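FYI, this note's numbering numbers position 7 of the sequence shown as 9, with every residue one higher than the one before it. All residues carry an ideal CB built from backbone N, CA and C; glycine is no exception. A quick note: this is a predicted structure, and the numbers were derived from the prediction, not measured. Below: one structure, written as structure tokens.
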Amino acid sequence: MPSPSDTVVPLPTAADVEDAARRLAGVALHTPLISSPVLDALTGGRVFLKAETLQRTGSFKFRGAYNKLSSIPAERRRGGVVAFSSGNHAQGVAAAAQLLDMPAVIVMPRDAPRPKRERTAAFGAEVVLYDREREDREAIARSIAESRGAVLVPPYDDPMIIAGQGTAGREILEDLAAAGLTPDVILVTASGGGLTAGIALAVKALHPEARLYTAEPAGFDDHARSFRSGKREINNAMSGSICDALMSPSPGKITFEINRALVGEGLAASDEEVARAVAFAFRELKLVVEPGGAVALAALLSGKIDVKDRIAVAVLSGGNIDPELFYRLVA
């Protein structure tokens, strides 16, 4: 009998992103595209930042979570949902479950930032902690889901999750079009690749000439290495970066199928470059961005890509940062 990982799942499409947008209308926030004369001057381009830091629960993850949970048939909702996450997906699933009156269990690493653990519990979810160095979070979550008759909600490798995240890309295009612009370059922070895949589906359907890049922490650039090798590469370590939100071991199966066709290029930024980007966002834009959410901005600020005379968008994917770490980075 085939295992769940052997099951063939149809890839989501741009039409699925449109369906997700209708499902999320009036629930998820249409977050703004923010521009800065200082950022334009530094890069030589016309740069916009997609502020998913201002989304419900403080990250883009709410989009995919609500799209997934709201699609669960009524007869299956009683058992609730189980998710595994270092924090942002956890909060997205917990918040969506609360809105839909469904019980939720979230498997989180013991070293996840305290505010993420506390906020997940505050949404009414049951939090189960694990050791990310020694234990398999997906196995723990799957066991809980099976014992409770719950639906497993993966953080990225799911068509409904990907389609929900893609609504951020749809909004980027809408807001640029309202200003009479089209994107040349879009940089997306990447962990498992769900946000990148969703945005790529939305953008490439209308602007196939646009170039998309993943942005990852140095040493955890599994997407960039996978694009080069043509197969899903695995990171050598499970921790060791301030970008706790971007610690997936490798690209997802579904997400990589999409991203290697529609993206195919990746960038990486060091912790020091990311720290400078967090401080820049606070000082120049008055935005609170967590390290994992600032990697695309860090790649721009550190010159990893030339956007001179181009329309560029960098996604600020989350703003859930430990206050003590934030103080150290912006002080």
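In the DSSP assignment, what are the bridge partners of residue i?
i      : result
Gly254 : Paired residues: none, contrary to the question.
Glu326 : Beta-bridge pairing links Glu326 to no other residue.
Tyr132 : Pro111
Val155 : Ala85
Ala270 : Glu218
Ile36  : Leu51
How is the alpha helix (DSSP H) around residue i delimited, first residue to last?
i      : result
Phe86  : No alpha helix (DSSP H) contains Phe86, which is instead part of the beta strand (DSSP E) from Val83 to Phe86.
Lys288 : Careful: Lys288 lies outside any alpha helix (DSSP H) and carries neither H nor E.
Val297 : Val297 to Leu303
Glu148 : Arg139 to Arg150
Phe125 : Premise fails: Phe125 is in no alpha helix (DSSP H) and is neither H nor E.
Phe229 : Asp224 to Ser231
Lys70  : Lys63 to Ser72
Ala43  : Pro39 to Thr45
Find out if the Cβ-Cβ distance for the pair residue i, residue j is shorter than 8 Å.
i      : j      : result
Ala99  : Arg58  : no
Pro253 : Asn237 : no
Ala124 : Ile108 : no
Ile256 : Pro161 : yes
Phe62  : Ser319 : yes
Ala165 : Val83  : no
Gly60  : Asn322 : yes
Glu173 : Thr55  : no
Val290 : Leu331 : no
Ala213 : Asp177 : According to the sequence as given, residue 213 is Arg; it is not Ala. Cβ atoms of Arg213 and Asp177: not closer than 8 Å.
Ser73  : Pro157 : no
Arg116 : Asp133 : no
Whole angstroms is fine: what's the gap from residue i's alpha carbon to residue j's?
i      : j      : result
Pro4   : Arg144 : Low per-residue confidence applies at Pro4: pLDDT is 44, beneath 50, and the placement is therefore not dependable, though the value from the model is reported in the following sentence. Those two C-alpha atoms are separated by around 16 Å.
Tyr329 : Val11  : 44 Å
Pro293 : Asp246 : 8 Å
Phe50  : Thr15  : 25 Å
Ala333 : Glu148 : 47 Å
Phe284 : Leu303 : 14 Å
Thr184 : Ile313 : 7 Å
Ala316 : Ala114 : 25 Å
Gly46  : Val309 : 7 Å
His91  : Ala43  : 34 Å
Glu259 : Lys70  : 20 Å
Gly295 : Ala22  : 23 Å
Arg227 : Thr216 : 11 Å
Gly168 : Glu135 : 31 Å
Gly200 : Ala27  : 17 Å
Arg48  : Leu101 : 38 Å
Lys52  : Leu287 : 12 Å
Asn261 : Ala271 : 20 Å
His209 : Gly266 : 16 Å
Val155 : Leu327 : 29 Å
Along the beta strand (DSSP E) that carries residue i, what are the first and last residues, could you check?
i      : result
Thr216 : Arg213 to Pro219
Thr191 : Val187 to Thr191
Met162 : Segment Pro161 to Ala180 is the alpha helix (DSSP H) holding Met162; no beta strand (DSSP E) there.
Val205 : Note, Val205: premise wrong, no beta strand (DSSP E); alpha helix (DSSP H) at Gly196 to Leu208.
Arg1   : This structure does not reach residue 1, given that the chain is present from 3 up to 333, and the question cannot be answered.
Leu101 : Looking at the DSSP string, Leu101 is not in any beta strand (DSSP E); the run it does join, the alpha helix (DSSP H), is Asn90 to Leu101.
Leu1   : Absent from the structure is residue 1, since the part of the chain shown begins at 3 and ends at 333.
Val317 : Ile313 to Leu318
When the Cβ atoms of the region 190-203 are set against those of the region 288-306, are three or more pairs found closer than 8 Å? The region 190-203, when compared against the region 288-306, does touch it at the 8 Å Cβ threshold.
Would you check if the region 68-84 and the region 222-236 touch, i.e. whether three or more CB-CB distances between them fall below 8 Å? Taking a cut-off of 8 Å for Cβ pairs, the region 222-236 and the region 68-84 do not touch, as fewer than three such pairs fall below it.
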